[in-house]
Amino acid sequence: MESQQPLTNGNANHNHNGDSPSAEPPASTFDPEIFKRYLLGLLPPVIGAKPSELESLFDDEFDERVRRFAADTGGVIYVVQSKEENEGMFKVSLYHLTPHLTYHPSNVTTLALIKRGPTLDSTTPLAHQLHFLNLFGGDETPYESLHAVVSHGVKPWFDAFVGARGTGKDGDTKMGIPMTKKKFAELELSLLHLQQNVEIPETHLIIHPIIQRAVEQAHAAGTRPNISHIPAKLLNDSTFLNTLHNHVNQWIKSIQSVTKLTRDVSSGTASQEINFWLSLERALEAIEAQLRSDEVNMVMDCLRNAKRFHATVSFIADTGLKDATDLVHKYNQLMKDFPLNELLSATDLDKVQESLVLIFGHINRKLRLSPYPIRRALPLVEAISRDFNDQLLRILTSHRLPFQPYDTFERILSQTMNIFRTWDDQIKEFTNVAREVTRKRNERFIPIKVVPAHAKLQERTRYLREWRKQHEQLAVMTGPTKGLGGVGMEVGGMDMEEEVKEAYEVIKRIDVLDVSVEGTEIWVAAENAYNERVSRVENQIIARLRDRLGTARNANEMFRVFSKFNALFVRAKIRGAIQEYQTQLIDSVKEDIKHLHEKFKTQYRYSEAYHMAQMRDLPPIAGAIIWARQIERQLQTYMKRVEDVLGKGWEHYAEGQKLQSESTAFRKKLDTRPVFEAWMQDINRRHMGVDGRLFEIIRLRGGGFQLAVNFDPQVITLFKEVRNLLWLNFQVPHAVSNMAKDAKRVYPHAVSLMETVRTYGQTLELVESNKGIEWLVAEYRNESQRMISKGMNIRWDYFVNQYDTSRYVPSSDGRDNRHIQFVREFASVVSVLQDKTNNVIDLYKDILRAVEDLSTCSYTTEAFSELLGKIQAAIDRLNLEGYANLDYWVAELDKRIEGILLQRLAQIIQVWCSEFDRTDDGDGPRRDLPMSRDLTNKRRGGKGVKEEKFMEGHMTLKPIIHEIRIQNQVIFLDPPIEYARATWIKQLHDWLGVVCRLRRIQSSRYEIGLQMQGASAVETTYTSLLTRFTDNTLEKPFSLIELKVQQIKDYVAKWLQFQSLWDLEAEYVFNRLGDSLAHWQQLLTEIKKARSTFDTSETQKSFGVVVIDYEQVQARVNAKYDAWQRDILSRFGVKLGNAMKEMHAAILKARNDLEHHSIEGIIGGSGRRF
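For the sequence shown, our numbering begins at 21 and goes up steadily by one.
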């Protein structure tokens, strides 16, 4: 049968019912013949049915039942095998098919056929559509069979499925898997309990048929049954009465069989003992219910009526029912709600530990109430120990301990040892309760001793834990991280790591928790095999250890080697190999102790520890005690180090005794008690207390006063000393402790006040060193001074007496008293002053930097606007953060900015004048500019060189070109001279506008009220700076412009004179000159001179910032001039010719006259006339 069932279950994944077409046709389409063939093939091998016996299964209703089963959604059908006796007393097997299961003693076997889908499909093999389950029968109870199905079938299959999925603990918890496992365990346990229960015989009292009939008649008539319902003749019939008497005697015997029932508590399990008493109580209650019935009462009435008191009077006493019921009821005070199932259904170690606490808590509590005998309680606890042992063994075995990593192994066994300790603790408490109860009950003395069934398991787990620890230490030391594995290969040609692993494999192959005789023998054999392999590894380690100790240069290196191999010194073989280094190590420890002596002789105040203690806020006395104890601990470390290396009992050697005596003497010198007592005497001599005013005023040596907190620093030291000494387990007297408590109460506020006052002083120094910010922080400073004046009247006594009141009497509003509130408010106010001061200093530095940059920045609107924007942003931030006196402060800052901008204006005017007054056309040297640049550089300390280059490149005046043109014989200047004047003035205004048009800084940009009023009264730019010049700086450029305009006018006038060349008439000129050759000659000379104006190779005339272009008019004037000159020369030639002719004629005439006169005449007088 077992071989067939896995085959059927093995096809579980071939479920085709989802594609089955049988759901659509009516149920009658399934052919019962298929089901019949299936049963004929299944039943013979599974339940051993003979084919001839199966004919009873296929009766007339077989087809109908099969069709209904095939068509119903879900469902099951049962094949029941039962036994019947025929006339020949032979038992024959009968089989029938039923959809409803009933239990009958004649049933031998029941086979459940369970559908896997909603309906059966004729086209699919039934093996794929049906589960079958063999429900055993024929036993007195089915508990054992059901327990086997759950324990060996359902539960292991569920565990295997969950384990294969491996979702982890969190995933299992979310899906409710642990709860399901617990329910399975509880079901298994319940079935086991039912199986183990001691059957209490059921008592059925025999009732005479006549009595039974009489009671039924009375019930039918609706009256209470009494002897009147029995015929009168029977009441005196001795046969009838004897029968009743016999029945009563049988009742007594059957009841006594229950009341005198008992069991041996030392045999079986604890659950059997518990269930026995609970079942016995139920049986006794059932008997009592029968004795209260009308039939029994009528039997007793009949016997009493016949004067047979012997049977009636002693009936209850003979049965012992009352006493048994009382006793069982009292015992069941202990047995009811007994939490044993918590232990038996525990699935992990935590649950086992919790169940032990619950079980013994229940026993110890109920034993005081219930008269359950202690002599029975002791075996009951031992039975619980057996259950505990079995459950623990089951859980530990499931973990497969040898295969677990060491961390997991250690955690599990540590938890197991905790559980054993819990058992021991609970047993101690139980023993105490048992002794107490025995004493109270005056019971005969019995030794209260529980022999635990788990003692061997406890010893094995303890030994296993120690053994695995040693193995793990060996495995770690031979592992690759310690470097011994490779060394082993070099030294002995053996892989130590692999050797240790293989030695451990021997242990993996056995059940390490089997504490039976055979299991112990197997464990010993395995351990011996392990030790044989490990001994070779130990020899390798010993060789390496001796090699390293031999090459160690000093004791520290030797101890370092020991510390590395220290984990292996628990192994006796390795420990024995290092004993020869004993003397050498004792000498090194002596040297170390000598260094400790030297360290102690230097005294605490001169040691490095003193400065470290100050840094860590340790007071001097406590620091000295800690320092001495550190030296003492170091001494103990040296002693312990020797003991670790050389083993216990080292002080029994001669050298060891000397070393021990020296260390003992030194330890006495390190006693810190005298230091503490001296400090106590010093404290008692002084008067230290927390009183006086909160603040005090100190006169400084250099003159002036300073605010300070009136608090003695020695009180703080006292509080810290007491705190540290208490930590160091010194007994501080009550008075000193109270004084320290007062100091401790006040200490936080004193430190807070000291820190606040120090912060206040530092902040005032910051304000003094930054003179420009006093106005801004004046409001916060005044608030701090107001708080100081308020605190002048507060005394320390208030803090000492009122600090703890709120702990016991909470105030209604939950606030502290006003003195503590003052400390917090003062700290808050000063903190605000500090924050505001630091903030405004940062902003003030940014503003100053920007103001300084105004004097050196590039002369562009963007550069000035960027700096002023930074200044304005800082002012807006000051305004937004609510600094006081901002208007006055900004006004002062604005004046400073005006002074810088005024300098920049004077410089730019000077540069403009230099640019304007140049006489070259841009290529020649600029003679006037270097002077102004030198002045600028001197004024700016050399920072302006880069800016001057920028100004030379960009801040220049472009020359204006004017053209002398002639049109319609009219000479004129294009554009006119007035255009030049307007252009220069506009350029000057643009240069000045870079500064004058800048937006003036404002302090009230966040004030709504000021914006809504007439803001036009306030100047928003720096135009008014032009009225601030003290000299003629502003007039100078305008005078230069006028001078330049006049020069141009004079030059242009020369050209405009040539207009007369076209306007004059030649005859008018000739008539004007007349015949005077002198006038003509003068005119020609002037014409020659005037020709130099236009008769040149150049085409323009430069005046620096203006150029006069005469190229167009030059040729025409030259031509016109040539024409005029030709006319005048020709006319002058005619005039000169005529004059010459006249002169020649006059000279000729005179000559002729002379020639005609005589010499005498000439001499005589005519000559005089001539």
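Just so you know, even glycine gets a beta-carbon here, dropped at the ideal spot from N, CA and C. Every value quoted in this text rests on a predicted model; they were computed, and no experiment measured them.
Relative to the C-alpha of residue 735, which residue among 757, 716 and 748 is closest?
-> Along the sequence shown, read from residue 1 onward, the residue named residue 735 stands at position 715. Among 757, 716 and 748, the Cα nearest to that of residue 735 is on 757.
Grab the span of the beta strand (DSSP E) containing residue 715 for me, first residue to last.
-> By 1-based counting over the sequence shown, the position of residue 715 is 695. Residue 715 -> beta strand (DSSP E) spans 715-719.
Are the C-beta atoms of residue 995 and some chain D residue less than 8 angstroms apart?
-> No chain D appears in the structure shown, which is made up of a single protein chain.
Figure out for me which residue from 543, 231 and 473 has the closest Cα to the Cα of residue 399.
-> The sequence position of residue 399 within the sequence shown is 379, counting from 1. Cα-wise, what sits closest to residue 399 is 473.
Cutoff 6 angstroms; reference residue 373; Cβ partners in own chain excluding five residues on either side = Residue 373 sits at position 353 when you count from the first residue of the sequence shown. 439 and 442, listed in sequence order.
Since residue 908 and residue 792 are thought to touch, with beta carbons under 8 angstroms apart, how far apart are those beta carbons, to the nearest angstrom?
-> Indexing the sequence shown from 1 puts residue 908 at position 888. Indexing the sequence shown from 1 puts residue 792 at position 772. With 8 angstroms as the limit, residue 908 and residue 792 do not qualify as a contact, their Cβ atoms being about 12 angstroms apart.
Going by C-alpha distance, which of 309, 539, 878 and 1089 is nearest residue 1149?
-> The sequence position of residue 1149 within the sequence shown is 1129, counting from 1. It is 1089.
Start and end of the alpha helix (DSSP H) containing residue 302?
-> Taking the sequence shown and counting its residues from 1, one reaches residue 302 at position 282. For residue 302, the uninterrupted alpha helix (DSSP H) run begins and ends at 290-311, by DSSP.
Between residue 799 and residue 816, what straight-line distance do the alpha-carbon atoms span, to the nearest angstrom?
-> Position 779 of the sequence shown, counted from the start, is the residue given in the question as residue 799. Position 796 of the sequence shown, counted from the start, is the residue given in the question as residue 816. Roughly 29 angstroms between the two C-alpha positions.
Answer yes or no: do residue 77 and residue 59 have a C-beta to C-beta separation smaller than 8 angstroms?
-> Residue numbering aside, residue 77 sits at position 57 when the sequence shown is read from its first letter. Residue numbering aside, residue 59 sits at position 39 when the sequence shown is read from its first letter. Contact flag set, yes.
Straight-line gap, residue 229 to residue 264 (C-alpha atoms, nearest Å) | Position 209 of the sequence shown, counting from 1, holds the residue named residue 229. Position 244 of the sequence shown, counting from 1, holds the residue named residue 264. Roughly 11 angstroms between the two C-alpha positions.
Length of the line joining the Cα atoms of residue 1147 and residue 1062 = The residue given as residue 1147 occupies position 1127 in the sequence shown. The residue given as residue 1062 occupies position 1042 in the sequence shown. Roughly 41 angstroms between the two C-alpha positions.
Pull up the distance between the alpha-carbon of residue 1001 and that of residue 801, whole angstroms please.
-> As a working mapping, residue 1001 is identified with position 981 in the sequence shown. As a working mapping, residue 801 is identified with position 781 in the sequence shown. Approximately 59 angstroms between the Cα atoms of the pair.
Span of the alpha helix (DSSP H) around residue 915 = Position 895 of the sequence shown, counted from the first residue, corresponds to residue 915. 906-936 is the span of the alpha helix (DSSP H), which, as asked, contains residue 915.
Grouping DSSP H, G and I as helix and E and B as strand, with all else coil, what is residue 815?
-> Here the question's residue 815 lines up with position 795 in the sequence shown. Residue 815: strand per DSSP, three-state reduction.
Proximity to residue 910 [Cα-Cα], best of 231, 465 and 898 = For this step, residue 910 is matched to residue 890 along the sequence shown. Selected option, being the one with the closest Cα: 898.
CB-CB under 6 angstroms to residue 983, same chain, minus the five flanking residues each way: which ones, in chain order?
-> Translated into positions along the sequence shown, residue 983 becomes position 963. Excluding residues within five positions, the ones whose Cβ falls inside 6 angstroms are 994 and 1129.
Classify residue 677 as buried or exposed, calling it buried when 16 or more other Cβ atoms lie within 10 Å of its own Cβ.
-> In the sequence shown, residue 677 corresponds to position 657, counting from 1. By the neighbour-count rule (16 or more Cβ atoms within 10 Å), residue 677 is not buried but exposed.
Would you kindly work out how many angstroms separate the C-alpha atoms of residue 289 and residue 408, rounded to a whole number?
-> For this step, residue 289 is matched to residue 269 along the sequence shown. For this step, residue 408 is matched to residue 388 along the sequence shown. For residue 289 and residue 408, the distance between alpha carbons rounds to 11 angstroms.
Just list the alpha helix (DSSP H) runs in the region 378-435, keeping only unbroken ones of 4 residues or longer that don't cross its boundaries, in chain order.
-> 394-418
Element boundaries [beta strand (DSSP E), containing residue 128] = Locating residue 128 in the sequence shown gives position 108, where the first residue counts as 1. Boundaries of the beta strand (DSSP E) harbouring residue 128: 127-135, taken from the DSSP string.
Under three-state DSSP, which class holds residue 222?
-> Sequence index remark: in the sequence shown, residue 222 carries index 202 (1-based). Correct three-state label for residue 222: coil.
Can you tell me which of the three DSSP states residue 989 falls into?
-> Along the sequence shown, one-based indexing puts residue 989 at 969. Correct three-state label for residue 989: coil.
Cβ-based burial, residue 927 [other Cβ within 10 Å; buried from 16] | Position 907 of the sequence shown, counted from the start, is the residue given in the question as residue 927. Label assigned to residue 927: buried.
Residue 496 versus residue 427 - alpha carbon distance = Here residue 496 corresponds to residue number 476 of the sequence shown, with the count starting at 1. Here residue 427 corresponds to residue number 407 of the sequence shown, with the count starting at 1. Looking at the two C-alpha atoms, the distance is approximately 13 angstroms.
Are the beta-carbon atoms of residue 102 and residue 114 separated by less than 8 angstroms?
-> Taking the sequence shown and counting its residues from 1, the one referred to as residue 102 is at position 82. Taking the sequence shown and counting its residues from 1, the one referred to as residue 114 is at position 94. Yes, the Cβ-Cβ distance between residue 102 and residue 114 is below 8 angstroms.
Pair within 8 angstroms by beta-carbon distance, residue 237 and residue 224 = For the purposes of this step, residue 237 is taken as the residue at position 217 of the sequence shown. For the purposes of this step, residue 224 is taken as the residue at position 204 of the sequence shown. Contact flag unset, no.
Leaving out five residues on either side along the sequence, give the residues of the same chain with a beta carbon under 8 angstroms from the beta carbon of residue 124.
-> Translated into positions along the sequence shown, residue 124 becomes position 104. The answer, listed in chain order, is 102.
What separation, rounded to the nearest whole angstrom, lies between the Cα atoms of residue 1092 and residue 1006?
-> In the sequence shown, the residue the question calls residue 1092 occupies position 1072. In the sequence shown, the residue the question calls residue 1006 occupies position 986. One C-alpha to the other measures close to 49 angstroms.
So the beta strand (DSSP E) residue 1121 belongs to, where does it begin and stop?
-> In the sequence shown, the residue the question calls residue 1121 occupies position 1101. Residue 1121 -> beta strand (DSSP E) spans 1120-1122.
Straight-line gap, residue 350 to residue 270 (C-alpha atoms, nearest Å) | Stepping through the sequence shown from its first residue, residue 350 is reached at position 330. Stepping through the sequence shown from its first residue, residue 270 is reached at position 250. Taking the Cα positions, residue 350 is about 28 angstroms away from residue 270.
In chain order, what residues of the same chain lie with their CB nearer than 8 angstroms to the CB of residue 681, ignoring the 5 residues before and after it?
-> The residue given as residue 681 occupies position 661 in the sequence shown. Nothing meets the Cβ criterion.
For residue 118, which residues does DSSP report across the bridge?
-> Within the sequence shown, the letter at position 98 stands for residue 118. The partner list for residue 118 (beta bridge, DSSP) reads 98.
How many Å lie between residue 182 and residue 167 at the Cα?
-> As a working mapping, residue 182 is identified with position 162 in the sequence shown. As a working mapping, residue 167 is identified with position 147 in the sequence shown. Taking the straight line from one Cα to the other gives about 21 angstroms.
Complete runs of the alpha helix (DSSP H) confined to the region 740-796 [at least 4 residues] = With a minimum length of 4 residues, the unbroken runs of alpha helix (DSSP H) contained wholly in the region 740-796 fall at 754-789.
Whole angstroms is fine: what's the gap from residue 578's alpha carbon to residue 544's?
-> Position 558 of the sequence shown holds residue 578. Position 524 of the sequence shown holds residue 544. C-alpha separation (whole angstroms): 37 angstroms.
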